[in-house]
Amino acid sequence: MKKLSTKWFKKWSEKNNLSNEDLLDAIGDLEGRLSTANLGDNLFKVRVKRKHGGKRSGFRT
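Position one of the sequence shown corresponds to residue 210 (this note's numbering), numbered consecutively onward.
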């Protein structure tokens with residue numbers, strides 16, 4: 210699976226203090242079908258944990 214990021218997403222993730230490790234964990238969840246929602250046409254909604262917060266209070270990307 211290719212892992213690509215747009216300029217906008219990179220800027221947003223830096224602003225919200227998301228590390229590459231957190232994003233790679235979310236991609237691992239996507240590959241394992243954990244905490245994901247299939248929106249159709251190979252588009253998925255994935256939860257990314259916040260620092261000191263966990264997935265429940267995290268971001269949805």
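Glycine included, C-beta positions come from ideal geometry on N, C-alpha and C.
Select from the options the residue whose C-alpha is nearest the C-alpha of residue i.
{"i": "ALA235", "options": "ALA246, GLY249, LYS211, VAL255", "result": "VAL255"}
{"i": "LEU213", "options": "ARG242, LEU233, LEU243", "result": "LEU233"}
{"i": "LYS258", "options": "ASN251, GLY237, TRP217", "result": "GLY237"}
{"i": "LYS211", "options": "ASN225, GLU230, GLU240, SER228", "result": "GLU240"}
Does DSSP put residue i in a helix, a strand or coil?
{"i": "LEU243", "result": "coil"}
{"i": "LEU233", "result": "helix"}
Following the continuous alpha helix (DSSP H) through residue i, name the residue where it begins and the one where it ends.
{"i": "SER222", "result": "216 to 224"}
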